Amino acid sequence: MLGNHAVAEGAIAAGCRFFAGYPITPASEIAERISERMPEVGGRFIQMEDELGSIYAIIGASLAGTKTMTATASAGYNYMQEGIGYAVATETPIVIVDVMRLRGAEQATQSDIMQARWSASGDHEMIVLAPSSVQELFDCTIEAFNLAEKYRNPVIVLSEMTLSLMREKIKIPDPSKIHIVNRKRPTVPPDEFVPFDGGEDGVPPMSSFGDGYRVLYTLNPHDKRGMITGDLDVYDELYRRITGKIQRAVDDIVRYEKFYMDDADFAVIAYGSESRSALEAVRRARDEGLKVGLLKLITVWPFHDELVRGIAEQVKKIVVPEMNMGKYVGEVKRASDCLAEVVSLPLNKGRIHTSAEILSGIKGEAR
Amino acid sequence: MAHPNLKYLRKGSLPHMFCPGCGAGQILNYFIYAIDDLKLDLDKLVMIGGVGCMSRAPAYLNTSAIHGIHGRNLPFATGIKLANPELTVAILMGDGGTAAIGGNHLIQAARRNLDVTVIVDNNGSYAMTGGQVSPMTPSGATTSTTTRGNLESPFDLCKLVEAAGGTYISRWTTAHPVQLINSIKKGVKHRGFSFIEVVGQCPTQYGRYVLGLRDPVSNLRWLKDNSITMRQADRMNPDDLVGNILVGDFVEKEFPTLEDRYLEMEKRIREAR
Chain A
1 MLGNHAVAEG AIAAGCRFFA GYPITPASEI AERISERMPE VGGRFIQMED ELGSIYAIIG
61 ASLAGTKTMT ATASAGYNYM QEGIGYAVAT ETPIVIVDVM RLRGAEQATQ SDIMQARWSA
121 SGDHEMIVLA PSSVQELFDC TIEAFNLAEK YRNPVIVLSE MTLSLMREKI KIPDPSKIHI
181 VNRKRPTVPP DEFVPFDGGE DGVPPMSSFG DGYRVLYTLN PHDKRGMITG DLDVYDELYR
241 RITGKIQRAV DDIVRYEKFY MDDADFAVIA YGSESRSALE AVRRARDEGL KVGLLKLITV
301 WPFHDELVRG IAEQVKKIVV PEMNMGKYVG EVKRASDCLA EVVSLPLNKG RIHTSAEILS
361 GIKGEAR
Chain B
368 MAHPNLKYLR KGSLPHMFCP GCGAGQILNY FIYAIDDLKL DLDKLVMIGG VGCMSRAPAY
428 LNTSAIHGIH GRNLPFATGI KLANPELTVA ILMGDGGTAA IGGNHLIQAA RRNLDVTVIV
488 DNNGSYAMTG GQVSPMTPSG ATTSTTTRGN LESPFDLCKL VEAAGGTYIS RWTTAHPVQL
548 INSIKKGVKH RGFSFIEVVG QCPTQYGRYV LGLRDPVSNL RWLKDNSITM RQADRMNPDD
608 LVGNILVGDF VEKEFPTLED RYLEMEKRIR EAR
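In order, the protein sequence lines correspond to chains A and B. Every letter in the first sequence is one number past the one before it in the numbering used here, and letter 58, counting from 1, is 58. Every letter in the second sequence is one number past the one before it in the numbering used here, and letter 269, counting from 1, is 636.
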């Protein structure tokens, strides 16, 4: 199946019933597939006038009680930042697929790894999944909906040009075997409902437009009742909760895989398509008798500090191959806290590193 | 005794932030009268506002509401109406959000004949940010960003929406309460894209700096004196119309909405199985 089609099928399997998008290479096949499929499953599709239109349409539909998604590529993702900030502030579950492509060129890249985390203005945490295969595109899209619903936060599926246009065999499980999470609903009548009271986990239950709860959603600082306030103590408390609900749940949110890490003296930390050649490089290193392991991050944000620090405590050297000028490596260095040497392997030529290039990086032969 | 219309206001939302004599408060009041007459189910009503003076009004109403993003009201509405066509969506916004930053969304939503009601408070400027020029400011007017006079010409928003495909279109001023309440009722009841432009006074910015009228009453009198009905306009020389506010119901027609067409397609798919 085509990577972009796997995203569309994953969304439908997760219960997505509203999609708004704007055409852009290399993400358009997601919208094309979903436009065909949505009316068959009782969902709705609309091609909006631009990416701003798309992001606000999916927020509106989500507030009306639907699971919603949009898909775009780097240049289009730029336009969506204001809406992402709005979804953070109003705690609206939405899923955004961003197929990374090189600035001004339709080429593969991982240049937007930091943008996916930091580009919206204002205080926020982001949940970002970085699949490395067509199967993971399907699985991560389902996971993205579950996390969005559970934490009431935007979730990004950070795809890549190669993955989106690649065809691989995938297994689509029986619908009864797919784990689905739905947003918490209010358990008290409307006059007792406090719409932005986070409770124990910091995630308030969510009503839908039309169900009688009459919630006001605003970008402005708002108190637990949703009332707009100029009180900055309230703002501070609100954003401690909105960011804290994600920060405290890192163990629940972050998915990763470890390969050959048990006895490793060297580690490669990779995400997305780079983790494919990284695994091959690690296997080649093992063949040569080098004790190298791989940490493959499927969830790239929130960043799991403890996980990376644990690896830095264990190994002498960490190598981070990326299809950009060396971005995520900064986070690895920060979390490693000088406990291990951290080496960046940057490359932005529209292709992943070869395993040989990563292997020579592990050996310290070349930059 | 509490005012009978207080039940339409969100508890604890007062005092409002409008300046004394602001037209936005009047429009909110007229809107409440209209929905009271219509006996709308408030549970099914979703109000949308953006950023600005008029755009704050939805936050005061005791309904579901979206507030806080400038000019993106119609995309929000598009998502809401497609997700749940049974909801009634009404949008209160200003001329900046409608004609400038949200201009493309306006014409696209009109083209789709989305079943929503848009009420625009046209006060001829960006009032909340200090009275800057807007796409609705007349040529030559001095504002805080056109201190030597506005070099541009304003839109005729009603004609723009008509050309784009709006199916109920009217214009009144805040000095026409009865006509405006009737228009809001018609607009909300109308199945399709309803667009109501309300030329409203802003004694703080436009009135004070463009018209030289600081007090609300003389601003309202100015609106009344400069409004002409379509019947009056028919008898006038077209050149004499310039500078006047043409008021009335301009368009009222039936046409399938986007939601109706979508539901119809779904029905076709079901029947083909």
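Note that CB positions come from ideal geometry on N, CA and C, so glycine has one too. Treat the numbers as computed from the prediction; the structure is a model and nothing was measured.
Contact with chain B is found for T218 of chain A, since one of that chain's Cβ atoms lies less than 8 Å from the residue's Cβ. Spatial neighbours of L407 of chain B in its own chain (CB-CB distance under 8 Å, excluding positions within 5 residues in sequence) are listed in chain order as T455 and V555. Between K245 of chain A and G202 of chain A, the gap from beta carbon to beta carbon is short of 8 Å. Scanning chain A for C-beta atoms nearer than 9 Å to the C-beta of N517 of chain B yields nothing, as the closest lies near 27 Å away.
Distance check between Y397 of chain B and each of B:M384, B:P442, B:I458 and B:L547 places B:L547 closest, using alpha-carbon atoms only. In this structure, the CA atom of L63 of chain A is about 48 Å from the CA atom of A264 of chain A. Those residues of the segment 13-39 of chain A placed with their C-beta closer than 9 Å to a C-beta in chain B are R17, F18, A20 and P39, ordered along the chain. At a cut-off of 8 Å, the C-beta of E106 of chain A has no neighbouring C-beta in chain B. A direct Cα-to-Cα measurement between V614 of chain B and L608 of chain B gives close to 12 Å. Setting aside the 5 residues that flank it on each side, N429 of chain B is surrounded in the same chain by K374, Y375, L376, R377, K378 and L409, each with a C-beta closer than 8 Å to its C-beta; the list follows chain order. CA-to-CA, the gap between T66 of chain A and W539 of chain B works out to about 37 Å. Taking the C-beta atoms as reference points, A340 of chain A is found no nearer than 8 Å to K363 of chain A. Listed in chain order, the non-local C-beta contacts of A249 of chain A below 6 Å within the same chain number zero, local neighbours out to five positions each way being set aside.
Rounded to the nearest whole angstrom, the C-alpha separation of T504 of chain B and M325 of chain A is 48 Å. In this structure, the beta-carbon distance from F18 of chain A to V95 of chain A does not fall below 8 Å.
Beta bridge pairing from DSSP links E619 of chain B with B:Y535.
Taking all protein chains shown into account, T514 of chain B has fewer than 16 neighbouring C-beta atoms within 10 Å of its C-beta and is therefore exposed. Judged by DSSP in its simplified three-state form, A130 of chain A adopts coil rather than helix or strand. Distance from the CA of S273 of chain A to the CA of S133 of chain A, rounded to the nearest whole angstrom, comes to 7 Å. Annotation for Y86 of chain A: the continuous alpha helix (DSSP H) segment containing it runs Q81 to T90. Judged by DSSP in its simplified three-state form, V155 of chain A adopts strand. Counting only the Cα atoms, L2 of chain A lies some 10 Å from R33 of chain A. Boundaries of the beta strand (DSSP E) harbouring A267 of chain A: F266 to Y271, taken from the DSSP string. At a cut-off of 8 Å between beta carbons, S585 of chain B makes no contact with chain A. Annotation for D616 of chain B: S537 and S550 place their beta carbon closer than 7 Å to its own, counting only its chain and skipping 5 residues before and after. Taking C-beta atoms as the reference points, L412 of chain B and K448 of chain B fail to come closer than 8 Å. Residue B:I563 holds the alpha-carbon nearest to the alpha-carbon of V487 of chain B among B:I563, B:D627 and B:N451. Straight-line spacing of the CA atoms in V282 of chain A and V292 of chain A works out to 6 Å. The residues L158, Y271, G272 and V300, in chain order, have a CB closer than 6 Å to that of A130 of chain A in the same chain once the five nearest residues on each side in sequence are set aside. Taking 8 Å as the threshold, the shortest C-beta distance from A11 of chain A to chain B does not fall below it. Non-local beta-carbon contacts of P570 of chain B in its own chain, meaning distances under 8 Å to residues more than five positions away in sequence, involve C386, P387, G388, C389, L580, R581, D582, P583 and N586 in chain order. In the three-state reduction of the DSSP assignment, R640 of chain B falls in the coil class, being assigned neither a helical nor a strand state. Here A20 of chain A carries a strand assignment [DSSP, helix/strand/coil]. Cβ-Cβ separation between G416 of chain B and L459 of chain B: approximately 5 Å, consistent with a contact (criterion under 8 Å).
Within the segment 1-72 of chain A, the beta strand (DSSP E) runs of at least 3 residues that lie entirely inside it are, in chain order, 16-21 and 44-47. Listed by position along chain A, the residues whose Cβ is nearer than 8 Å to that of H434 of chain B are L216, Y217, T218, L219, N220 and I228.
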